[in-house]
Every structure is written in C-alpha cells, then in structure tokens.
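Trainee: In our numbering, the protein residues as written are 0 to 122. All C-beta atoms, glycine included, are put in the ideal place defined by N, C-alpha and C. Predicted model only: the values in this text are computed from it and were never measured.
Right, dumping it as structure tokens:
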C-alpha cells in the first residue's frame, strides 16, 4: 500500500528539514543531526524559556553515546562557538550551557525556514 499524497508531502518536508539542518552547519560532518540536534535545540529552547540547561542535563538530553562521548560533543560545540558553559550558584560549582548569539541566529533562521516549509506541506 502506497502512502497518500499528504504523507508524501510530509515526508518530503521532514527530509527537507534534515537537509536544512545540515546546510545550517555548512554540511560539516561533525554536526550530524542525530548527534547534535537534541543538544543544540534543547539548550536553545531552555535558554529561550529563561531556564538554561545544566551541563548534566545537556549531556542527558543527547540520545546516544557514552558519557565521555556526550561530554566531547558538548566540548566541541563550546570550542566551535555554538554554546557557552558558565559557572553559576553561590559556590560556582554548578554550570549551565547557553547558546551563543551565533547559534541563536542559526537556530532562529533554521526554524523560520523549516516552519514555512512544514506549513506549506500540511496546507
């Protein structure tokens, strides 16, 4: 049984979303959707909601990889200028992760483009 036209349009919109993600990060092989989507989007949403994500929560939000792998991804995103890691709390031992202005701009543009495409697909 073949999917109906609406499902095909929706599948095309999802594929376009993934391609747009890759394009947003200049098709860099280090920022695969599966490995970084949860981290970068989760940190952005938490920041936009005024509740920055802790480092531990940022590592937990990723769906795959050992603790060391997750920490390396986070470190890479900080080094590459997408996230900042800031000490918080009275004793300075707690740390939160926030998107840089660069990542915020990239995410807003990505979401704006893909939202338009999804709206068109489900219209």
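Along the chain, where does the alpha helix (DSSP H) that runs through residue 86 open and close?
Mentor: Mapped onto the chain shown, residue 86 falls at position 87. Run containing residue 86: none in the alpha helix (DSSP H); it sits in the beta strand (DSSP E), 82-87.
Trainee: Here's a check: name, in chain order, each residue in its chain whose Cβ is nearer than 6 Å to the Cβ of residue 113, leaving out the five neighbours to either side.
Mentor: Taking the chain shown and counting its residues from 1, the one referred to as residue 113 is at position 114. If we look at residue 113 and ignore the five residues flanking it on each side, its Cβ neighbours are 16, 19.
Trainee: Report the option in 51, 68, 50 whose CA atom is closest to the CA atom of residue 58.
Mentor: Walking along the chain shown from the start, residue 58 turns up at place 59. It is 68.
Trainee: Less than 8 Å between the beta carbons of residue 121 and residue 52, yes or no?
Mentor: Here residue 121 refers to the residue found at position 122 of the chain shown. Here residue 52 refers to the residue found at position 53 of the chain shown. The answer is no: Cβ separation not under 8 Å.
Trainee: If contacts are defined as beta-carbon pairs under 8 Å, then residue 99 and residue 73 qualify, I think. What distance do you get, rounded to the angstrom?
Mentor: One-based indexing of the chain shown puts residue 99 at position 100. One-based indexing of the chain shown puts residue 73 at position 74. Not confirmed; about 13 Å, so no contact.
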